[in-house]
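To convert, count from 1 in the sequence shown and add 165; that's the numbering used here.
All C-beta atoms in this analysis are idealised placements derived from N, C-alpha and C, irrespective of residue type, glycine included.
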Amino acid sequence: MDETLLRNILKREKNKILFSFISSMPIILIILAIIVSKSSKVFTVIDILTNINYIFIIGYVALIYISISKMYNNYKKEII
Numbered sequence: 166m167d168e169t170l171l172r173n174i175l176k177r178e179k180n181k182i183l184f185s186f187i188s189s190m191p192i193i194l195i196i197l198a199i200i201v202s203k204s205s206k207v208f209t210v211i212d213i214l215t216n217i218n219y220i221f222i223i224g225y226v227a228l229i230y231i232s233i234s235k236m237y238n239n240y241k242k243e244i245i
């Protein structure tokens, strides 16, 4: 990837990246994990939330990578 193109994309699209990162916060899944742990006697809240936490970290990294690569491809098409 071209570094100057990536810098221009990040300058232009910084707000969109931050909004997509914040809007994808897993509030619904945390509430669902608490409900499941309350109804189940085997799992506790901490067990479910620690396992989900690793999935969220991987998801955030994938989301940022996908959003930056989509923006890169869009601006690359504009330049060509």
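- Judged by beta-carbon spacing, I174 lies beyond the 8 Å limit of S232, meaning their Cβ atoms are not closer than that value.
- Taking the Cα positions, R177 is about 29 Å away from I220.
- Cα atoms of I217 and S204: separation of roughly 18 Å, rounded to the nearest angstrom.
- Put simply, the backbone Cα of F184 is about 15 Å away from that of A227.
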